[in-house]
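**Q** For the protein sequence lines, the chains are D and Y, in the order given. Everything in the first sequence is counted per the numbering used here, starting at 478 for the first residue and increasing by one. Everything in the second sequence is counted per the numbering used here, starting at 300 for the first residue and increasing by one. Glycine included, each C-beta is placed from N, C-alpha and C at the ideal position. Have a look at this one.
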Amino acid sequence: MSRKAVTSTVTQPSNATLPSDICPVCKRVRYLNTDMRFLINPECYHAMCSQCVDNIFKSGPAQCPYASCSKTLRLRGFREAWFGDLSVEREVDIRKRVAAVFNNTQDDFETLRDYNNYLQDVEDLTFALVSGTDDERRKAEARLVAYEEKNKADIDRNRKRGREVEAARKKREAEAEAASKARRLEEQREEEEARKEEAMLNREVMEALARGEAGEAAQIQQRIMAQKKKTIARLNGELFPRPWTAAPKRTGPTEDEEDRNKPYDPFGATDLDPTRYEIHETYENSWLDPARTRDDHRVPGYSVQEYVTRAMFEAFAGLGVAIDEEKAGAQRAVGIAGAKHAAQANKTTGIISKTGGDVFG
Amino acid sequence: MHDTDSPPSSDCGPSLLPISPHYAMKCNSLAQKAISARLQSASPTTLCPSSSPGEELSLVTHYTVELLRAAAFIELPTEIRATAAIFLRRFYVTNSIMTYPPTELLKTCLFFGCKAEGHYMRLAKFADKFPNTTGEEVLAAEYILSQGIRFAFDVRHPFRALEGAIMELRRLGDFENKRIDRAHGKAREILKFSPLVTDAYFHYTPSQIMLAALAMADEGLVERMLGEAFAAQGDAAKDKCRDLIQACRAMLEKEPPEKMNDNEERKAIIKPLNRKLRKCRDPDRVDLVALQKARREQAMIKKPKLPVKEDGAVFGGSIADGRESKRRKTETEE
Chain D
478 MSRKAVTSTV TQPSNATLPS DICPVCKRVR YLNTDMRFLI NPECYHAMCS QCVDNIFKSG
538 PAQCPYASCS KTLRLRGFRE AWFGDLSVER EVDIRKRVAA VFNNTQDDFE TLRDYNNYLQ
598 DVEDLTFALV SGTDDERRKA EARLVAYEEK NKADIDRNRK RGREVEAARK KREAEAEAAS
658 KARRLEEQRE EEEARKEEAM LNREVMEALA RGEAGEAAQI QQRIMAQKKK TIARLNGELF
718 PRPWTAAPKR TGPTEDEEDR NKPYDPFGAT DLDPTRYEIH ETYENSWLDP ARTRDDHRVP
778 GYSVQEYVTR AMFEAFAGLG VAIDEEKAGA QRAVGIAGAK HAAQANKTTG IISKTGGDVF
838 G
Chain Y
300 MHDTDSPPSS DCGPSLLPIS PHYAMKCNSL AQKAISARLQ SASPTTLCPS SSPGEELSLV
360 THYTVELLRA AAFIELPTEI RATAAIFLRR FYVTNSIMTY PPTELLKTCL FFGCKAEGHY
420 MRLAKFADKF PNTTGEEVLA AEYILSQGIR FAFDVRHPFR ALEGAIMELR RLGDFENKRI
480 DRAHGKAREI LKFSPLVTDA YFHYTPSQIM LAALAMADEG LVERMLGEAF AAQGDAAKDK
540 CRDLIQACRA MLEKEPPEKM NDNEERKAII KPLNRKLRKC RDPDRVDLVA LQKARREQAM
600 IKKPKLPVKE DGAVFGGSIA DGRESKRRKT ETEE
């Protein structure tokens, strides 16, 4: 009796998940049947393998093979579950059904509040169907059916309208797709054409050269170019580089590009290794020994090696510099200019700073 | 090659130019001109003697020694002494000793050397250490000094270089430790005095000065060092470097460290020069404290503000003017 009263969506909530390896009905194992598929029937959402379904329901409706289940199932109703969690599968089914019945849109209501109330009602009903008690489910189902009966015309109209909207959207998308495809084809065609034109120009020049027409090769080229001015102008607008007027082709990237592609070197490829000395691990220095060995002399952040490096650098740095030679010119320039300036201003201080010499030069 | 030749000379700062007789003469003659004009205008009857460049140089040297003695007196670290001494010498490259009094500048240099080397000392404490000195006096010449050395406060010293050279010599292991130690001590003494009272800092790089001092202490060590350093660069570079070191050594030998305490001889030379200096110095700059005060006061007097222009002036005169003239024009036409 209860079986009759309950329609397809209103089923017991179940917490079952889709089995992955063993069919709960025939106990066959996936290990031996690699192509095993599990099917469910939305009547009771009990999963079984496709072979069981075939065996049991081929000859007509039969009772669900699950021990506690008394539903009668048909072969037609079986399908594969989309979700592994069968309770989710069931909820989705219910929502689909409810949405098919309560398919009003916002335009069907006068105020936003009405629409929101309607949505609230629908959600309440859905919730009752999905996770209510037996009683609630039955009531909700009754309401659903009653509403369906009552508003059959509206529902059909809305469904039709929805289909139209959907169709329009699909059409729009298809059009956009077609347009972009056409554009791509057009581009390809233009490219092809440009290539052909270029080849033709080339050939003409070659032929002219082969015929041995009067004038130098460059002149012949220029003449043909002048004739085909229009074509070339169009060609130049294309993706192709200018075949004639462009600078001679460089192989490889330009110097500038090469520079830019190199990793940044702050020292400009300067070799910073010392040439006049080598830094060794240890140097004999009785003053440094405490800093090296004694714990109470050690300070974080101070490295003896740092001192050693610096001392060695200073010992050998600038040995080859002859200041007198380097500054021979500078001395004259600053000295005389500075003195002249000072004599004019009758000042004896800040002579050099006024001449604009480089302070740190 | 880069690392060893790139560092600038020990004294790249204010001078750029080594003290040459030519330059000293210019400086000296300029000061003479200015000061004698000033003195004569003040009291036309006074005869104004003036120091020659040579005399000035020996005065500067004398006051550098005085500075070193003062630094020893207040127990400053070596590097600060050296920095202060170089400041003084740098300052008198572009200023005549007749223009600014050396005794005041000497203290300023010491104080400023402390600052430049990051060795903080309270001004009051510093001034207390010298007799008859106030903090104001020390500070009065500070800006003049900074200006005179063209704000180049970095001085490269050869002291650490000497440590490096000694470490390298020890590592080479060709010499007895005793010999190296003796040379080390002697070279240190030389570096603390001779390059500071001569023009070595202006003419040679720190490493050259260091090797020259080491050569004065022990020639063999330097030869070994040069052989090691120029092994890859050939004899030409080595010979050139050796010449430079010899020239520097000759310069240093004029002022051996023994002269530091050799007061009698120096005083005998300096006394008449000092007397002369007192007569011919710039009367405007004798009292630096007063000079500084006067300058401050002058700076305090505000310049009269320029009259504020009208906004319209940006577009070349106000519009009203143009209209006025137009109207007048029409009037005349009528």
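Quick check on DSSP: helix, strand or coil for Thr759 (chain D)?
**A** Residue state, collapsed to three classes: coil.
**Q** By the three-class DSSP mapping on this structure, what secondary structure does Val578 (chain D) have?
**A** Correct three-state label for Val578 (chain D): helix.
**Q** Give, in chain order, every unbroken run of the alpha helix (DSSP H) that is at least 4 residues long and sits entirely within the segment 356-433 of chain Y.
**A** Whole alpha helix (DSSP H) segments, 4+ residues: 377-393, 401-415, 422-428.
**Q** Are any of the Cβ atoms in chain D nearer than 8 Å to that of Ala464 (chain Y)?
**A** Yes - at least one Cβ of chain D is within 8 Å of the one on Ala464 (chain Y).
**Q** Under three-state DSSP, which class holds Met525 (chain D)?
**A** Three-state DSSP puts Met525 (chain D) in a strand.
**Q** Hey, how far is the Cα of Pro400 (chain Y) from the Cα of Leu461 (chain Y)?
**A** Computed Cα separation, rounded: 35 Å.
**Q** So, helix, strand or coil for Glu556 (chain D), using DSSP?
**A** It should be pointed out that residue 556 (chain D) corresponds to Arg in this sequence rather than to Glu. Strand, per DSSP.
**Q** When the Cα atoms are used, what is the spatial distance from Gln583 (chain D) to Arg638 (chain D)?
**A** The straight-line gap from Cα to Cα measures roughly 13 Å.
**Q** Classify Asp562 (chain D) as helix, strand or coil using the three-state DSSP reduction.
**A** Strand.
**Q** Pick helix, strand or coil for Val502 (chain D), following the three-state DSSP scheme.
**A** Three-state result, Val502 (chain D): coil.
**Q** Under 8 Å Cβ-Cβ, which residues of chain D neighbour Cys540 (chain Y)?
**A** Within 8 Å Cβ-Cβ: Leu796, Gly797.
**Q** Using 8 Å as the threshold, is the C-beta distance between Thr393 (chain Y) and Leu495 (chain Y) below it?
**A** No, Cβ-Cβ distance for Thr393 (chain Y) and Leu495 (chain Y) is not below 8 Å.
**Q** Excluding five sequence neighbours on each side, which residues of the same chain lie with their C-beta closer than 7 Å to the C-beta of Gly554 (chain D)?
**A** Excluding sequence neighbours, Gly554 (chain D) sits near Asn518, Pro519, Glu520.
**Q** Taking any Cβ of chain D, which residues in the segment 511-534 of chain Y have a Cβ under 9 Å from it, in chain order?
**A** So the close ones are Met524, Leu525, Glu527, Ala528, Phe529, Ala530, Ala531, Gln532.
**Q** Specify the secondary structure class of Gln532 (chain Y) as computed by DSSP and reduced to three states.
**A** Note: Gln532 (chain Y) maps to coil in three-state DSSP.
**Q** Give me the subset of the segment 777-788 of chain D whose CB atoms are less than 8 Å from a CB atom of chain Y, sorted by chain position.
**A** Listed in sequence order: Val785, Arg787, Ala788.
**Q** Examine chain Y for any beta-carbon lying closer than 8 Å to the beta-carbon of Thr770 (chain D), and answer yes or no.
**A** Closer than 8 Å: no.
**Q** Could you tell me which chain D residues have their CB closer than 9 Å to the CB of Met509 (chain Y), listed as they occur along the chain?
**A** Those within 9 Å of Met509 (chain Y) in chain D are Glu791, Ala792.
**Q** Given this structure, state the Cα-to-Cα distance separating Asp736 (chain D) from Phe411 (chain Y), to the nearest angstrom.
**A** The straight-line gap from Cα to Cα measures roughly 47 Å.
**Q** Between which residues of its own chain and Leu765 (chain D) is the CB-CB distance below 6 Å, once the five residues before and five after are set aside?
**A** Hits under 6 Å: Val781.
**Q** Any C-beta of chain Y sitting closer than 8 Å to the C-beta of Thr752 (chain D)?
**A** Cβ-Cβ to chain Y under 8 Å: yes for Thr752 (chain D).
**Q** Could you tell me if Ile600 (chain Y) is buried or exposed, where buried requires 16 or more neighbouring beta carbons within 10 angstroms of its beta carbon?
**A** Exposed, since its Cβ has fewer than 16 Cβ neighbours within 10 Å.
**Q** Can Glu554 (chain Y) and Thr504 (chain Y) be called in contact, C-beta distance under 8 Å?
**A** Contact flag unset, no.
**Q** For Lys707 (chain D), count neighbouring C-beta atoms within 10 Å of its own C-beta (all shown protein chains included) and say buried if the count is 16 or more, exposed if not.
**A** Exposed, by the Cβ-count rule.
**Q** Contact criterion: CB-CB distance below 8 Å. Does Arg719 (chain D) meet it with respect to chain Y?
**A** Because the pLDDT of Arg719 (chain D) is 49, which lies under 50, any placement of that residue in the model is unreliable, and the number read from its coordinates should be weighed accordingly. It does not: the Cβ of Arg719 (chain D) has no partner Cβ on chain Y nearer than 8 Å.
**Q** Would the segment 549-564 of chain D count as touching the segment 594-603 of chain D if we require 3 or more Cβ pairs under 8 Å?
**A** Short answer: they don't touch.
**Q** In this structure, does DSSP put Phe450 (chain Y) in helix, strand or coil?
**A** In the structure shown, Phe450 (chain Y) sits in coil (DSSP, three-state: anything other than H, G, I, E or B).
**Q** Hey, does Leu551 (chain Y) have any beta-carbon neighbour from chain D nearer than 8 Å?
**A** Chain D contact via Cβ: absent.
**Q** When the cut-off is 8 Å and only beta carbons count, does Asp733 (chain D) lie next to chain Y?
**A** No, its Cβ sits nowhere closer than 8 Å to a Cβ of chain Y.
**Q** Please classify Phe790 (chain D): is it buried, with 16 or more other beta-carbons within 10 angstroms of its beta-carbon, or exposed?
**A** Under this definition Phe790 (chain D) is a buried residue.
**Q** Can you round the beta-carbon distance between Arg551 (chain D) and Pro538 (chain D) to whole angstroms, since I take them to be within the 8 Å contact cut?
**A** The Cβ separation is near 5 Å, so the contact holds.
**Q** Could you tell me which residues DSSP pairs with Leu516 (chain D) in its beta bridges?
**A** Note: Leu516 (chain D) sits in a beta bridge opposite D:Met525, D:Glu557.
**Q** Would you report the Cα separation of Arg787 (chain D) and Lys537 (chain Y), rounded to the nearest angstrom?
**A** Using only the alpha carbons, I get a separation of about 23 Å.
**Q** Pull up the distance between the alpha-carbon of Ala656 (chain D) and that of Tyr592 (chain D), whole angstroms please.
**A** Each residue's Cα considered, the two are about 39 Å apart.
**Q** DSSP has Leu550 (chain D) in a bridge; who is on the other side?
**A** In the DSSP output, where bridge partners are listed per residue, Leu550 (chain D) has D:Ala539.
**Q** Count Cβ pairs between the segment 475-487 of chain Y and the segment 515-531 of chain Y that sit closer than 8 Å; are there 3 or more?
**A** Touching, yes.
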